[in-house]
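Peer 1: Using the working numbering, you'd call the opening residue of the sequence shown number 60 and step up by one each time. Just so it is clear, CB atoms sit at the ideal spot from N, CA and C, and this is done for glycine as well. Just so we're clear, the structure is a prediction, and the values are computed from it rather than from any experiment.
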Amino acid sequence: MNIEKNIREDHQVELIVEVDADRMEAMKRRAARKLAERGKIPGFRPGKAPYEMIRRHYGDEPIVEQAIDMLVDEIYPEALKQAEVEPAAPGALEKVESMDPPKFVFRVPLAPTVDLGDYLSVRVPYEWTAPGEDKLTEALEEFRQMYGTTETVEREVQEGDYVVLSIKGEKKDAAEGEDLSELSRESTATLVRPEDKESDSEWPFKGFARQLIGLKPGENKSVTHTYPQDFDDEKVKGATVTFEAAVKTVRAVTLPELNDDFAKMVGGQYETLDQLKEVLKKDIETRDRANYDDEYFAKVIDKIKESAAIKYPPQVVEHEGEHVLEDLSQRLASQNMDLETYFKVRNTTREKFVEEEVRPVAIKRLERGLVLDEIARRHNIHIDEESLSQEFNQTVNELAYQGTVDFEKLNKSSKAEQARFSNAVASESANRLLTRRTLDKMKSIALGEWKPEDDAPKAAEAETQPEEAAPSPEVNEEASQAVNEESDAETSTNS
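(1) Are the beta-carbon atoms of leucine 199 and lysine 336 separated by less than 9 Å?
(2) Using a beta-carbon distance below 9 Å, is glutamate 229 in contact with chain D?
(3) On a CA-only basis, which of Leu339, Lys307 and Met86 is nearest alanine 322? Give me that one, please.
(4) Note down the Cα distance separating threonine 172 from arginine 491, rounded to an integer number of angstroms.
(5) Am I right that tyrosine 460 and histidine 70 are in contact with their C-beta atoms under 8 Å? What's the rounded C-beta distance?
(6) To the nearest angstrom, report how far apart tyrosine 117 and glutamate 77 are at their CA atoms.
(7) Cα separation between glutamate 467 and alanine 475?
(8) Could you tell me how far apart the beta carbons of threonine 247 and leucine 224 are, in whole angstroms, since I believe they sit closer than 8 Å?
(9) In terms of DSSP beta bridges, what is isoleucine 66 paired with?
(10) Which parts of the stretch 260-314 are runs of the beta strand (DSSP E), unbroken and 3 residues or longer, counting only runs that do not cross its ends?
(11) Ordered along the chain, which non-local residues of its own chain (more than five positions away) have a Cβ less than 7 Å from that of valine 420?
(12) Based on the DSSP output, what are the partners of isoleucine 134 in its beta bridges?
(13) By Cβ distance below 8 Å, which residues in the same chain neighbour leucine 179 in space, the five residues on each side in sequence not counted?
(14) With H, G and I counted as helix, E and B as strand and the rest as coil, what does DSSP make of valine 223?
(15) Please classify proline 373 as buried or exposed, where buried requires at least 16 neighbouring CB atoms within 10 angstroms.
(16) According to DSSP, simplified to helix, strand and coil, what is glycine 380?
(17) Given a cut-off of 9 Å, decide if leucine 271 and glutamine 204 are closer than it, judged by their beta-carbon atoms.
(18) Kindly list the residues whose CB is nearer than 6 Å to the CB of aspartate 159, restricted to its own chain and excluding five residues on each side of it in sequence; keep chain order.
(19) Does the separation of the CB atoms of glutamate 261 and valine 306 fall below 9 Å?
(20) Can you list, in chain order, the residues of its chain whose CB lies under 8 Å from that of alanine 367, leaving out five sequence neighbours each side?
(21) Compute the Euclidean distance between the alpha carbons of glutamate 237 and threonine 308, then round it to the nearest angstrom.
(22) Candidates Ile62, Lys140 and Arg67: which alpha carbon is nearest aspartate 79's?
(23) For leucine 152, which of helix, strand or coil comes out of DSSP?
(24) Give me the residue from Ala435, Asn482, Leu493 and Ile360 with the minimum Cα distance to aspartate 443.
(25) Please tell me whether tyrosine 206 and methionine 396 are closer than 9 Å, where the distance is taken between their beta carbons.
(26) Along the beta strand (DSSP E) that carries serine 246, what are the first and last residues, could you check?
(27) Below 8 Å, can you find three or more Cβ-Cβ pairs linking the stretch 182-191 to the stretch 87-103?
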C-alpha cells in the first residue's frame, strides 16, 4: 500500500492511498459473496453461487460499491498508522481517484496543536479590591424591603411604595404566531426604588417602576422601551415593546430598623446585626471577586494568544459550535422557546446565526480550552485523590443545597443509575479542580511569581487525563458511486 501525505492549510491531512490491484480484486470477490448471501440467485443456495454468476446477476456496479465500503474499513486504520497520523475526529473519503490502479483520497482532521510562544513573559496585574461599604448598605436595604410592612393608601405613587398593577405588553414587528404572553401580567407587584438603587432584575425593565410615580389607583400609563441587543431574555433582545400599565393598589412601606432583632428576623442563625453584616460582606466579596476573576483570566488568555500559534481543523470548531447551540437551546427552553422560534424572532436563519454568532463564540471557547490544556500539560498539573474526593463532596453538597437533584429518588434508583450519577459528578469535579489549578498557575505566571520548582510533582498526585481512541470511518452511498462518476463527492465517515 503506497501513501502520499499532504498537510493542508486548514490543519487537516490529505492521504492519497494506492492499493494493490490484487487486493481490490480479492475484495470484490468478498463483496460479491456478501451480496449473494443477502439475495437469491436461481439454481444456487445463498452464498454458494460462483463469482461470474454473481456478476451477471447483480452487475459490476453494486459489487464495486460494496467492495469499496469493505476496503475502506480495512485500509483507513492501516493508512493512519503507516502515515503516523493522529486524527482529531472521523476522517472522510473525499473521492476515489482511480480504479486502475485503485487509489483513494482521504481527508483527516489533525489533533489541535498549541505553541504558547513566550507566554512566561506575559504580565497582567491583578488589581481586585474589596467592594466598599455602599454594597453592604445596598444588600441590607434589600433585606429591609423584603421584611418591611405595607399599608394600602389612597394617594398617588411615591418613591418607596409597593404598587400592585396589571401590565400588557405589545411587541413591535412581532413574528406571526409568536407567543408574547410573558410580556403581560394580570396582577404583579413592583417596588419604586430610588433612581440610584434600581435593580437590573426589575421587570419588565430596569427603571419601569419609576414611570409609575404620580399615578393614582385606577389610572393607566403607556410606556415604550427598546431592549439592548445583549439583553438576557431572547424574546425581547433588541426589540421595542409598549407596556400599558394599570395601577390597582398603592401600598406604603414601613421598613424595620437595622438592629439585632432585624438580624434574627432575617435568619435564626444570626444573633446580632454584626453577624449578619459579616456574612453579607463575605458573600458580596466572593461574588465580586468571581466576576473580576472571569475578566482577569480572559485578559491573560488574550495576552497569551497574541504570541501563540493555535491550530485546529474546522470539524473541531463545528463540534464546539454544537455545544454552544445546545447551551442556547437549554436557556431558551427555560423561557418556553425553541431554536426555530428564536430564529424567527431574530429574523435570521440557522445557517446565518451559526456563522455570525455561534462560530465566534465556539472559536473563543475552543481556544481558551486549548490554552488551558497546554498550560496544564507543560506545568504538570495533576489531580490527587484526596483533593478530588473533597471536590466531589463539595459538588454533591452544592447540588443538594440547590435542590437540582432528588437524592431521595436517586437512593431508590438502580445501582447503574447511581453509578452514572457518581461518574458524572466525579467528571465535573475533576474538570472544575483541574481548571481551577490551571487558572491559579496562569495567574502566578501573569504576576511574575512563578518559579520552575513550583512545577515539581508531589508524590501523592496522580493524573486523570484519559486518552480517547481514534474513530474509524464508514463510507456512504455517494462515495461508492463516485467510482463510476469520477466525482469529488465528499462522504462523511463515522465511527
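Peer 2: For this structure:
(1) yes
(2) Looking at the structure shown, chain D is missing, and only one protein chain is on hand.
(3) Leu339
(4) 23 Å
(5) About 44 Å; that fails the 8 Å criterion.
(6) 27 Å
(7) 16 Å
(8) 7 Å
(9) Val72
(10) 279-285 and 299-313
(11) Val383
(12) Note: isoleucine 134 sits in no beta bridge, so no partner.
(13) Ile504 and Trp509
(14) strand
(15) exposed
(16) helix
(17) no
(18) none
(19) no
(20) Val173, Asp174, Leu175, Gly176, Tyr178 and Val430
(21) 31 Å
(22) Ile62
(23) strand
(24) Leu493
(25) no
(26) 244-250
(27) no
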